[in-house]
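Novice: Here it is, the structure, as structure tokens.
Number of protein chains: 2
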Amino acid sequence: MKIYIIGIGLIGGSMAMDLKTIIEGIEVFGIDSNKKHANQALEKGIIDRIGTLDNVAEADRVILSIPVKESLALLPKLLDQLHSDALLWDVGSTKEQLCELIANHSKRDQFLAAHPIAGTEFSGPQAAHRDLFNGKPQILCESNKTRPDLLTWAKQTFREMGMYLRFMEAAEHDKHMAYVSHLSHISSFMLGKTVLEKEEDENNIFDLAGSGFESTVRLAKSSPEMWTPIFEQNKENVIEILDAYIKNLEHFKKLLVNDDYKSLFREMKNTNQLTSILNGISKK
Amino acid sequence: MKIYIIGIGLIGGSMAMDLKTIIEGIEVFGIDSNKKHANQALEKGIIDRIGTLDNVAEADRVILSIPVKESLALLPKLLDQLHSDALLWDVGSTKEQLCELIANHSKRDQFLAAHPIAGTEFSGPQAAHRDLFNGKPQILCESNKTRPDLLTWAKQTFREMGMYLRFMEAAEHDKHMAYVSHLSHISSFMLGKTVLEKEEDENNIFDLAGSGFESTVRLAKSSPEMWTPIFEQNKENVIEILDAYIKNLEHFKKLLVNDDYKSLFREMKNTNQLTSILNGISKK
Numbered sequence: 001m002k003i004y005i006i007g008i009g010l011i012g013g014s015m016a017m018d019l020k021t022i023i024e025g026i027e028v029f030g031i032d033s034n035k036k037h038a039n040q041a042l043e044k045g046i047i048d049r050i051g052t053l054d055n056v057a058e059a060d061r062v063i064l065s066i067p068v069k070e071s072l073a074l075l076p077k078l079l080d081q082l083h084s085d086a087l088l089w090d091v092g093s094t095k096e097q098l099c100e101l102i103a104n105h106s107k108r109d110q111f112l113a114a115h116p117i118a119g120t121e122f123s124g125p126q127a128a129h130r131d132l133f134n135g136k137p138q139i140l141c142e143s144n145k146t147r148p149d150l151l152t153w154a155k156q157t158f159r160e161m162g163m164y165l166r167f168m169e170a171a172e173h174d175k176h177m178a179y180v181s182h183l184s185h186i187s188s189f190m191l192g193k194t195v196l197e198k199e200e201d202e203n204n205i206f207d208l209a210g211s212g213f214e215s216t217v218r219l220a221k222s223s224p225e226m227w228t229p230i231f232e233q234n235k236e237n238v239i240e241i242l243d244a245y246i247k248n249l250e251h252f253k254k255l256l257v258n259d260d261y262k263s264l265f266r267e268m269k270n271t272n273q274l275t276s277i278l279n280g281i282s283k284k
Numbered sequence: 001m002k003i004y005i006i007g008i009g010l011i012g013g014s015m016a017m018d019l020k021t022i023i024e025g026i027e028v029f030g031i032d033s034n035k036k037h038a039n040q041a042l043e044k045g046i047i048d049r050i051g052t053l054d055n056v057a058e059a060d061r062v063i064l065s066i067p068v069k070e071s072l073a074l075l076p077k078l079l080d081q082l083h084s085d086a087l088l089w090d091v092g093s094t095k096e097q098l099c100e101l102i103a104n105h106s107k108r109d110q111f112l113a114a115h116p117i118a119g120t121e122f123s124g125p126q127a128a129h130r131d132l133f134n135g136k137p138q139i140l141c142e143s144n145k146t147r148p149d150l151l152t153w154a155k156q157t158f159r160e161m162g163m164y165l166r167f168m169e170a171a172e173h174d175k176h177m178a179y180v181s182h183l184s185h186i187s188s189f190m191l192g193k194t195v196l197e198k199e200e201d202e203n204n205i206f207d208l209a210g211s212g213f214e215s216t217v218r219l220a221k222s223s224p225e226m227w228t229p230i231f232e233q234n235k236e237n238v239i240e241i242l243d244a245y246i247k248n249l250e251h252f253k254k255l256l257v258n259d260d261y262k263s264l265f266r267e268m269k270n271t272n273q274l275t276s277i278l279n280g281i282s283k284k
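Residue numbers (this note's numbering), protein chains in the order written: chain A, 1 to 284; chain B, 1 to 284.
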């Protein structure tokens with residue numbers, strides 16, 4: 001079986017590494033616009049060869065793991081080339097526009113919209129590692145539009161990677177992701193920006209900050225190359241949740257200005273209920 | 001040497017545990033308005049006996065580790081009782097009002113305002129453990145107002161706990177803490193609130209959220225009992241930094257509304273410089 005990985009970063013690279021242990025006789029071709037990354041992936045044994053987009057017709061499976069905006073440009077052309085038993089899945093963080101784009105493509109049923117929730121603030125093939133997906137959710141969107149035999153293969157393969165599967169519509173996926181992922185990134189980036197602006201002496205941040213600060217701004221290390229197009233693709237949902245967040249911060253400020261500490265206490269107490277949910281996440 | 005710990009939570013309890021390994025012949029008395037906590041501390045061996053506030057005169061060292069508002073009420077009365085060679089230090093997260101309150105107390109020089117940056121989202125004596133302070137900063141405020149022999153003892157003791165010392169004025173301390181700690185807590189609490197409000201089905205949060213969400217809302221588990229008075233004490237500084245944060249979020253939103261992805265990219269790229277600072281923190 002020939003696998004093409006287009007974009008050999010944390011997700012694509014880690015997926016290739018897992019596939020090599022699951023599928024016998026697999027041959028992995030890697031394509032990356034960043035030549036350094038492609039060579040690193042080769043040296044690290046993530047891929048067996050460097051491939052080219054012109055030869056995608058020989059691929060049995062294709063993983064599309066590049067920034068979402070580039071996927072939009074590339075996906076239709078890739079589908080055009082697929083042989084009749086090939087399956088292509090993407091791993092992007094937004095799905096609605098991508099699914100709409102190829103809704104009427106003649107090979108729509110050879111595509112599967114997948115989103116493994118396994119990203120970290122690190123990127124590139126050096127960050128890739130085996131078992132990244134073990135115990136993590138894999139969201140499959142509009143999976144009823146994928147050809148049953150190909151879908152069955154994919155579901156089984158993802159489960160062998162240790163993932164548990166969730167199914168939803170593309171629009172629903174994008175909305176939830178705005179809530180539980182995209183907002184966290186904005187919150188983190190802007191928190192980092194605010195503190196950098198205020199703390200003229202960066203040594204103070206280093207010396208005085210504890211693990212709490214570190215935890216809330218961790219995502220501010222994330223790649224702008226990846227996140228700019230995610231925010232663009234999911235603009236409407238992101239603005240909606242960002243508005244709600246700003247409103248809640250304004251409300252918190254108002255309580256503080258008014259010395260209404262009873263309400264301030266209640267705000268925090270009510271939010272403490274997240275604890276049980278979070279304990280569930282950290283066990284994943 | 002008799003040590004009194006007033007408030008046997010994460011910080012007070014952990015400090016008692018360290019002191020027991022550092023000071024020979026130490027006898028630790030614990031006082032806590034929560035009887036369950038006092039008994040847990042006794043069972044866990046954090047304290048040797050349960051003490052009473054009436055007997056503080058017999059203490060050689062007193063650690064005041066209760067919510068900052070209660071410290072304000074209690075500190076002058078405790079100082080009144082101290083014998084002439086006793087030292088009392090607090091471990092609270094705000095310092096300006098406390099230092100002002102006892103500025104003219106006849107035993108001002110037997111007090112040391114200390115802030116170990118070692119809190120977590122957990123609280124209570126069950127969370128206490130040895131070595132919590134190892135490698136962490138201890139901020140000492142207005143230490144020139146503490147009697148030199150008592151200050152020397154305290155500095156040596158904190159260093160034996162593995163802490164590195166930083167010295168600053170109380171007002172300066174409170175400002176920095178608003179930046180690198182208090183804002184993170186508000187950001188986290190309100191992020192948690194926003195997502196809880198939007199995600200009607202809590203299972204979605206559990207299923208779809210990754211480690212990024214977990215990291216940014218971790219502090220929303222924190223104790224409202226502890227944090228309400230911190231925000232009250234540090235109201236001015238907190239409002240100032242919260243305003244700056246909201247402004248930055250509004251700006252981010254505006255860029256998104258205007259489809260100005262070039263600037264959005266730059267915002268994130270500039271904030272990436274936190275990476276090196278954060279790598280420093282996580283090595284602490």
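Note that beta-carbon positions come from the ideal geometry of N, C-alpha and C, so glycine has one too.
So that I know if they touch, is there some Cβ in chain B lying closer than 7 angstroms to that of Thr228(A)?
Specialist: At least one chain B Cβ lies under 7 angstroms of Thr228(A).
Novice: I'd like the list of long-range same chain contacts for Leu242(B), defined as Cβ closer than 7 angstroms, with 5 residues on each side in sequence excluded.
Specialist: The residues are Leu183, Ile186.
Novice: Using a C-beta to C-beta distance shorter than 8 angstroms, which residues of chain B count as neighbours of Leu242(A)?
Specialist: Simply Leu249, Phe252, Lys253, Leu256.
Novice: In or out: Pro137(B) buried (at least 16 other Cβ within 10 Å) or exposed?
Specialist: Label assigned to Pro137(B): buried.
Novice: Counting only beta-carbon atoms, is Lys69(B) nearer than 7 angstroms to chain A?
Specialist: Closer than 7 angstroms: no.
Novice: Taking C-beta pairs closer than 9 angstroms, name the residues in chain B that Leu196(A) reaches, listed in chain order.
Specialist: Correct list: Asn270, Thr271, Gln273, Leu274, Ile277.
Novice: 7 angstroms is my cut-off, CB to CB: does Val180(B) come that close to chain A?
Specialist: At least one chain A Cβ lies under 7 angstroms of Val180(B).
Novice: Between the segment 55-68 of chain A and chain B, which residues of the former have a C-beta closer than 8 angstroms to a C-beta of the latter?
Specialist: Listed in sequence order: no entries.
Novice: Please confirm if Glu100(A) has its CB atom under 7 angstroms from at least one CB of chain B.
Specialist: No, no contact with chain B.
Novice: Applying the criterion that 16 or more other CB atoms from any shown protein chain within 10 Å of the CB defines a buried residue, is Tyr4(A) buried or exposed?
Specialist: It is buried - the Cβ of Tyr4(A) has at least 16 other Cβ atoms within 10 Å.
Novice: For Asn34(A) and Glu100(A), what's the separation of their Cα atoms in angstroms?
Specialist: Looking at the two C-alpha atoms, the distance is approximately 28 angstroms.
Novice: For the segment 194-201 of chain B against the segment 257-265 of chain B, are there 3 or more C-beta pairs whose distance is under 8 angstroms?
Specialist: Contact between the segment 194-201 of chain B and the segment 257-265 of chain B is absent, because fewer than three Cβ pairs lie under 8 angstroms.
Novice: Going by beta-carbon coordinates alone, are Lys193(A) and Asn248(B) separated by less than 7 angstroms?
Specialist: Their beta carbons are under 7 angstroms apart, which means Lys193(A) touches Asn248(B) by this criterion.
Novice: Please classify Ala57(B) as buried or exposed, where buried requires at least 16 neighbouring CB atoms within 10 angstroms.
Specialist: Ala57(B) comes out exposed.
Novice: Taking only the alpha-carbon atoms, compute the straight-line gap between Phe213(B) and Asp54(B) and give it to the nearest angstrom.
Specialist: Using only the alpha carbons, I get a separation of about 47 angstroms.
Novice: Taking its Cβ as the centre, do 16 or more other Cβ atoms sit within 10 Å of Phe103(A), making it buried, or is it exposed?
Specialist: Looking at the sequence shown, residue 103(A) is not Phe but Ala. Exposed, by the Cβ-count rule.
Novice: Along the chain, where does the alpha helix (DSSP H) that runs through Tyr245(A) open and close?
Specialist: Residues 235-257.
Novice: On a CA-only basis, which of Leu82(B), Ile277(B), Leu112(B), Pro116(B) is nearest Asn144(B)? Give me that one, please.
Specialist: Nearest of Leu82(B), Ile277(B), Leu112(B), Pro116(B) to Asn144(B), Cα basis: Leu112(B).
Novice: Interface residues of chain A around Glu96(B) at Cβ under 7 angstroms?
Specialist: The premise fails here: Glu96(B) is roughly 16 angstroms from chain A at the closest Cβ pair, so nothing lies under 7 angstroms.
Novice: Here's a check: name, in chain order, each residue in its chain whose Cβ is nearer than 6 angstroms to the Cβ of Phe231(A), leaving out the five neighbours to either side.
Specialist: Answer for Phe231(A): Val238, listed in chain order.
Novice: Less than 7 angstroms between the beta carbons of Val91(A) and Ile11(A), yes or no?
Specialist: Contact: yes.
Novice: Could you work out which residue in Gln81(B), Glu240(B), Ile277(B), Gly9(B) is closest to Lys175(B) when comparing CA atoms only?
Specialist: When only C-alpha atoms are compared, the closest one is Glu240(B).
Novice: Pick out the complete beta strand (DSSP E) segments inside the segment 44-109 of chain A, 3 residues or longer, and give them in chain order.
Specialist: Segments of the beta strand (DSSP E) lying fully in the segment 44-109 of chain A: 61-64, 87-90.
Novice: Quick check on the burial criterion: 16 or more other C-beta atoms within 10 angstroms. Buried or exposed for Gly51(A)?
Specialist: Gly51(A) comes out buried.
Novice: Return the residue from the list His115(A), Ile23(A), Ser263(A) that minimises the CA-CA distance to Met168(A).
Specialist: For Met168(A), the nearest C-alpha among the options comes from His115(A).
Novice: If the cut is a Cβ gap below 8 angstroms, which residues of chain A does Val28(B) touch?
Specialist: The premise fails here: Val28(B) is roughly 25 angstroms from chain A at the closest Cβ pair, so nothing lies under 8 angstroms.
Novice: Check the C-beta distance from Pro287(A) over to Ile8(A) and give it rounded, since I have them as a contact under 8 angstroms.
Specialist: Since the displayed chain A opens at 1 and closes at 284, residue 287(A) lies outside it and no answer follows.
Novice: Could you tell me which chain B residues have their CB closer than 7 angstroms to the CB of Ser187(A), listed as they occur along the chain?
Specialist: Under the 7 angstroms cutoff, chain B gives Ser187, Leu191, Thr216.
Novice: Does the separation of the CB atoms of Ser188(B) and Thr216(A) fall below 7 angstroms?
Specialist: Contact flag set, yes.
Novice: My assumption, with CB atoms under 8 angstroms, is that Val62(B) sits in contact with Leu88(B). Please give the rounded CB distance.
Specialist: Contact holds; Cβ gap of about 4 angstroms.
Novice: Considering Glu267(A), what are the terminal residues of the alpha helix (DSSP H) in which it resides?
Specialist: 261-271 is the span of the alpha helix (DSSP H), which, as asked, contains Glu267(A).
Novice: Measure the C-alpha to C-alpha separation of Ala209(B) and Thr228(A) and round it to an integer number of angstroms.
Specialist: Distance between the alpha carbons of Ala209(B) and Thr228(A): 20 angstroms.
Novice: Note the first and the last residue of the continuous beta strand (DSSP E) segment covering Val28(A).
Specialist: Residues 27-31.
Novice: With DSSP run on the structure shown, which of helix, strand or coil describes Ala114(B)?
Specialist: It is a strand residue.
Novice: Give every residue of the same chain whose Cβ lies closer than 6 angstroms to the Cβ of Ser84(A), excluding the five residues on either side of it in the sequence, and list them in chain order.
Specialist: Around Ser84(A): no qualifying Cβ.
Novice: Quick one: Cα of Asp80(B) to Cα of Ser181(B), how far?
Specialist: Taking the straight line joining both Cα atoms gives about 32 angstroms.
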